[in-house]
């Protein structure tokens, strides 16, 4: 019988072979073809812990830290382990009720699942931190986690510095390849945003092996694949913190903006936009309650008027109009216009502020007295320049000059969302007046005195002053002069700021005339009463009409006259004459920068100016309606001498504050002598006023 | 060749099988070591403490080696003589478990014996059934071409299988189908196998397809076959009857038998596993047993998932081509695969040594099986041959089903990987199976009855 069925042994071998072949086939598919199992395995077993480096610090020109890092503590919870918590005690410490407690636990589960730590209460105050630390054993599953937050020792330059905030879904989508994760922080506006890659440093990743219960077993592969966190790099800016503080202080209770540039480098010395806010209000636990109010405020404190506000330059444009006409050979410095208080060559007469004969007998005089008729005439000559055959041709050339001066285009400052303001295109006039054959210089006459549709940002105005101060070139305005241990890539990012922008070929002698005229403005002209102790300076006032109420007060200037070190533009909205409001602000800023201090007299003037309330009535009404007078209250600007006291003060306010990169846990509340503190701090009711 | 019969055990025994046996058992200990390894403790001390699975398995192996030597020293005739008695006592023990059995992991198939050890009669019955089957077929009066013989043999196999199902040991019950190899070799007509296979395909199709659609497909197939026979149908009415009855049985299976088995006979988790293997969800609320236990316990039935298979596939798949390396498997160290040192031991090999390792490992098994077939074919006595093919069948079934379930080709049934999985009972059974075969093979020139 065995012989009879012998072949069946072979068949059995074939069956066994086939099954083994199938198994090998599946193994090929699992182990060789598909890599999803490898990923799934890593997901299972490798726990990635991201190590956040310290963000870079931003310094001013004298290496004073405009912002620093501070350690704050969050209360975090792992919902699965939060069993047997003394909820009553915890709620009492955090001053929440039980419903809120369960709500937050649910939130933590939704955000970070049951097994991962989620934030229960962010940014603990020193007091609550101390209480929790003592009682933590009563709250299983809860722990205190350290996090680095920004602090601003000088309370200043909020909009320039910007803020960091938790990234949202939109941000993650836009920066997909950059490795951000939910819960990360990133710079949202200002320098924090523009230099995000430099400031944030390189996050480190530590890999741990974890078991099926989520317990860490130890480092994965002995840390072979771990990357080290590299701290963010520091930025060295051209900002002068004292000038910046002064600018913000002077603009208090007003709507407006001030920009100061160092013409020799293009570095921005100060950039203020008012109303502003204290940057410390947008960090830590205060952020939550502040940000909404800032966003809703009708005076738009988050709107950087210095780079986004569009203002008619008014008379501050006149020096540039003259430069164009000089360069085109249409006038000489001796050109005069017989003005008797109005300009009627285009029908409807345009008013001039001066009546006395000969106030526009030459360019220098016309600048000093800011004669409207003179510059209207000069503008018309530029547009109707026979060289270009038509008004359109002349206008195109004129616009070319304007763009060269930095108007009607983005200057490229290192802040996000700069506005290019407006120098109208011929197309706009074609649209309004029909065929270019039908329009001429009279149609846009007031462009000649910086009105009509011409608008400029304060930054552009300041830059135009730097251009005149330098006699024909400027450096792109910027904040960051250098980056700590600059790489080639970073140098390339800063390269545009280090390149001289020689945009015109206007000869030096024309600039000399303009400078003399602008100097005369400060000697016997419209700004004669504004002095910078110890320095001769050049300036031009402006009073720009605008359709939304009172005239804007403008002032542009640079100093010293012969070796300009600072160029300033100041705008106070709806304030009136340029010389009255914007002028003194510009003067004080120059004084502070050039002398590094203010004279007693100037100090007094500054204090008075800061008190002047020029808020438009409409905004005041809005505040009254919404019961939010808080933002009109001034920010308390401390400076070097006060910084030590400031530390204590911050502690007493509950913001845990340590020196830069100091990771020591916060000290318990210091027993500050109340009376002593009062004597040192002029405004002890600051807290009350900032957080009503 | 009487000298062969009288000699010491080394003569005539197949050394290759012994070497392979030892090799596999050592790989097993190593695999268990990989599962249990903990870098924070010294493995030598934990090995010597004897508390870890790998040290226990090591001592099991030493014990089994003694058993092996003991078997080799026995007389071959003992096995033929005792085959029926052993089988009967095995069945008796299995029945006894229903009374004095101890429940371990949800199956009441263990009899506690002295020293904290437990005996699983169903495991022993594998050996006894093999011997009894060999004894039955090798009887001179058995004509294995007859249907009657097939039925008797089938009944011999079915008895322990059914008892195993009664003990909630589906895996062990399935193992008894492995004797089909031996029966086939001895003349079981292939038609029976083909019918059984078709039936299996029909059951799987039932699970995969919509029953109505399947009924339509079956009807169309029947119609086509009728068309094919065409004119011959008029002459031979019997064909119509045969075709129609097959059609009716098929449709009946699809519509009634399969749903009945899945909902009323199998446990909820069995049904779920079989369905999930095919990529489908099984609704446990249809299951009578689940409903009964639900009513009993009052607990809400938890939705069972295919966690085991998923983790097992991840572990094996993450090995890649070369593997992660000895003791470097993250899934193994993280204990992601449940039951990893017993039923899912293959995953630790797959993760550590990758495709190269698993391929080599399967090669070893294949070589082992083919070697056993070679041994089977060189037997003079039918008894030895049937027994040998039974051993081949049992080994093959265990290997194929165990590995297939870890890589997602077969539903999860709890059967160990021969010689590799942790467990003294299982190691002892396979040792006995192999060494009895070696003993018989040493006397291959004898005709045993």
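Chains as they are written, first to last, in our numbering: chain A, 1 to 692; chain B, 693 to 1141. For each residue, glycine too, the CB sits at the ideal point set by N, CA and C.
Problem set entry | For residue 452 of chain A, three-class secondary structure by DSSP | What you label residue 452 of chain A is simply residue 452 of the first chain in a count that begins at 1. Looking at residue 452 of chain A - three-state DSSP - the assignment turns out to be coil, as it is neither helix nor strand.
Exercise. Under 9 Å Cβ-Cβ, which residues of chain A neighbour residue 1005 of chain B?
Worked result: Counting from one through the second chain, the residue named residue 1005 of chain B turns up at place 313. The contacting residues are 30, 37 and 40.
Exercise. Going by the CB atoms, is the gap between residue 604 of chain A and residue 588 of chain A shorter than 8 Å?
Worked result: The residue given as residue 588 of chain A occupies position 588 in the first chain. The residue given as residue 604 of chain A occupies position 604 in the first chain. Not a contact, by the Cβ cut-off of 8 Å.
For this session: Measure the Cβ-Cβ separation of residue 275 of chain A and residue 257 of chain A and say whether it is below 8 Å.
Result: Residue numbering aside, residue 275 of chain A sits at position 275 when the first chain is read from its first letter. Residue numbering aside, residue 257 of chain A sits at position 257 when the first chain is read from its first letter. No, the Cβ-Cβ distance between residue 275 of chain A and residue 257 of chain A is not below 8 Å.
Exercise. Rounded to the nearest angstrom, how far is the Cβ of residue 319 of chain A from that of residue 362 of chain A, given a contact under 8 Å?
Worked result: Taking the first chain and counting its residues from 1, the one referred to as residue 319 of chain A is at position 319. Taking the first chain and counting its residues from 1, the one referred to as residue 362 of chain A is at position 362. At roughly 14 Å, the Cβ-Cβ gap does not stay under 8 Å, so residue 319 of chain A and residue 362 of chain A are not in contact.
For this session: Pull up the DSSP beta-bridge partners for residue 74 of chain A, would you.
Result: Translated into the one-based positions of the first chain, residue 74 of chain A becomes position 74. Note: residue 74 of chain A sits in a beta bridge opposite A/145.
Problem set entry | Under 8 Å between C-beta atoms of residue 34 of chain A and residue 1017 of chain B | Indexing the first chain from 1 puts residue 34 of chain A at position 34. Indexing the second chain from 1 puts residue 1017 of chain B at position 325. No, these two residues do not count as a Cβ contact at 8 Å.
Problem set entry | Where the beta strand (DSSP E) through residue 544 of chain A begins and ends | Your numbering for residue 544 of chain A matches position 544 in the first chain. Taken as a continuous stretch (DSSP letters only), the beta strand (DSSP E) holding residue 544 of chain A covers 538-546.
For this session: Less than 8 Å between the CB atoms is what I'm expecting for residue 1150 of chain B and residue 1113 of chain B, so what's the real figure, rounded?
Result: Shown here, chain B extends from 693 to 1141; a query on residue 1150 of chain B therefore has no answer.
Exercise. Of all the options B/803, B/782, B/783 and B/784, which has the alpha carbon lying nearest to the alpha carbon of residue 792 of chain B?
Worked result: If you number the second chain from 1, residue 792 of chain B lands on position 100. Selected option, being the one with the closest Cα: B/803.
Exercise. Does the beta-carbon distance from residue 1003 of chain B to residue 967 of chain B come in below 8 Å?
Worked result: Translated into positions along the second chain, residue 1003 of chain B becomes position 311. Translated into positions along the second chain, residue 967 of chain B becomes position 275. No, these two residues do not count as a Cβ contact at 8 Å.
Exercise. Can the beta-carbon of residue 848 of chain B be found closer than 8 Å to that of residue 828 of chain B?
Worked result: One-based indexing of the second chain puts residue 848 of chain B at position 156. One-based indexing of the second chain puts residue 828 of chain B at position 136. Yes; because the gap between Cβ atoms is below 8 Å, this pair is in contact.
Exercise. Does the count of Cβ pairs from the stretch 170-179 of chain A and the stretch 146-154 of chain A closer than 8 Å reach three?
Worked result: no
Exercise. With C-beta atoms as the reference, is residue 454 of chain A less than 8 Å away from residue 422 of chain A?
Worked result: In the first chain, counting from the first residue as 1, residue 454 of chain A sits at position 454. In the first chain, counting from the first residue as 1, residue 422 of chain A sits at position 422. Yes, Cβ-Cβ distance for residue 454 of chain A and residue 422 of chain A is below 8 Å.
Exercise. Residue 349 of chain A to residue 343 of chain A, Cα distance in whole Å?
Worked result: Within the first chain, the letter at position 349 stands for residue 349 of chain A. Within the first chain, the letter at position 343 stands for residue 343 of chain A. Roughly 5 Å separates the two Cα atoms.
Exercise. Using Cβ-Cβ distances below 7 Å, what residues of the stretch 856-877 of chain B are close to chain A?
Worked result: 873, 876 and 877
Exercise. Within 8 Å (strictly less), CB to CB, does residue 731 of chain B reach chain A?
Worked result: As a working note, residue 731 of chain B is residue 39 in the second chain. Yes, residue 731 of chain B lies at the interface with chain A (some Cβ there is under 8 Å from its Cβ).
Exercise. Taking Cβ positions only, does residue 1025 of chain B come closer than 8 Å to chain A?
Worked result: Sequence index remark: in the second chain, residue 1025 of chain B carries index 333 (1-based). So yes, residue 1025 of chain B belongs to the interface.
Exercise. Per DSSP, what kind of secondary structure is residue 120 of chain A in: helix, strand or coil?
Worked result: Sequence index remark: in the first chain, residue 120 of chain A carries index 120 (1-based). Strand.
Exercise. How is the beta strand (DSSP E) around residue 262 of chain A delimited, first residue to last?
Worked result: Residue 262 of chain A sits at position 262 when you count from the first residue of the first chain. Segment 256-262, the beta strand (DSSP E) holding residue 262 of chain A.
Problem set entry | residue 1050 of chain B versus residue 720 of chain B - alpha carbon distance | Position 358 of the second chain, counted from the start, is the residue given in the question as residue 1050 of chain B. Position 28 of the second chain, counted from the start, is the residue given in the question as residue 720 of chain B. Their backbone Cα atoms lie some 13 Å apart in a straight line.
Exercise. Going along chain A in order, which residues have a C-beta closer than 7 Å to the C-beta of residue 1009 of chain B?
Worked result: Sequence index remark: in the second chain, residue 1009 of chain B carries index 317 (1-based). Neighbours of residue 1009 of chain B on chain A, chain order: 30, 31, 34, 37 and 38.
Exercise. In angstroms, rounded to a whole number, what distance separates the CA positions of residue 822 of chain B and residue 800 of chain B?
Worked result: As a first step, residue 822 of chain B is located in the second chain; it is residue number 130 there, counting from the start. As a first step, residue 800 of chain B is located in the second chain; it is residue number 108 there, counting from the start. Near 23 Å, if we compare the C-alpha coordinates of residue 800 of chain B and residue 822 of chain B.
Problem set entry | residue 891 of chain B at chain A interface by Cβ criterion, 8 Å | What you label residue 891 of chain B is simply residue 199 of the second chain in a count that begins at 1. So, not an interface residue.
Problem set entry | Contacting residues, own chain, Cβ-Cβ under 8 Å from residue 890 of chain B (five flanking each side not counted) | Here residue 890 of chain B corresponds to residue number 198 of the second chain, with the count starting at 1. Taken in chain order, the list of residues that qualify is empty.
Exercise. Of all the CB atoms in chain A, is at least one closer than 8 Å to the CB of residue 708 of chain B?
Worked result: Position 16 of the second chain holds residue 708 of chain B. No, residue 708 of chain B does not count as interfacial toward chain A.
Problem set entry | Straight-line Cα distance separating residue 952 of chain B from residue 963 of chain B | Within the second chain, residue 963 of chain B is the residue found at index 271, counting from 1. Within the second chain, residue 952 of chain B is the residue found at index 260, counting from 1. Going by the C-alpha atoms only, they are around 11 Å apart.
Problem set entry | Minimum Cβ-Cβ distance from residue 1086 of chain B to chain A less than 8 Å | Stepping through the second chain from its first residue, residue 1086 of chain B is reached at position 394. So no, residue 1086 of chain B is outside the interface.
Problem set entry | Which residues DSSP lists as bridging residue 473 of chain A, in chain order | Taking the first chain and counting its residues from 1, one reaches residue 473 of chain A at position 473. Answer is A/502.
Exercise. How about residue 208 of chain A and residue 49 of chain A: are their beta carbons less than 8 Å apart?
Worked result: By one-based count along the first chain, residue 208 of chain A stands at place 208. By one-based count along the first chain, residue 49 of chain A stands at place 49. For residue 208 of chain A and residue 49 of chain A, yes; Cβs fall inside 8 Å.
Exercise. What is the residue span of the beta strand (DSSP E) that residue 550 of chain A lies within?
Worked result: For this step, residue 550 of chain A is matched to residue 550 along the first chain. Run containing residue 550 of chain A: 549-559, per the beta strand (DSSP E) assignment.
Exercise. For residue 842 of chain B, which beta-bridge partners are listed by DSSP?
Worked result: In the second chain, the residue the question calls residue 842 of chain B occupies position 150. DSSP output for residue 842 of chain B lists no bridge partner at all.
Exercise. Can you name the residues of chain B whose CB is closer than 7 Å to the CB of residue 208 of chain A?
Worked result: Taking the first chain and counting its residues from 1, one reaches residue 208 of chain A at position 208. Those within 7 Å of residue 208 of chain A in chain B number zero; the least Cβ separation is about 11 Å.
For this session: Might you give, ordered along the chain, the residues of its own chain that have their beta carbon closer than 6 Å to the beta carbon of residue 1090 of chain B, omitting 5 neighbours on each side?
Result: Here residue 1090 of chain B corresponds to residue number 398 of the second chain, with the count starting at 1. Cβ neighbours of residue 1090 of chain B beyond the five flanking positions: 1107 and 1110.
Exercise. Who are the neighbours of residue 1069 of chain B on chain A, taking C-beta pairs under 7 Å?
Worked result: As a first step, residue 1069 of chain B must be located in the second chain, where it is residue number 377. Near residue 1069 of chain B (Cβ distances below 7 Å), the residues of chain A are 9.
Problem set entry | Proximal residues of chain B, C-beta to C-beta of residue 696 of chain A below 8 Å | Beyond the ends of chain A as shown, which are 1 and 692, falls residue 696 of chain A; an answer cannot be given.
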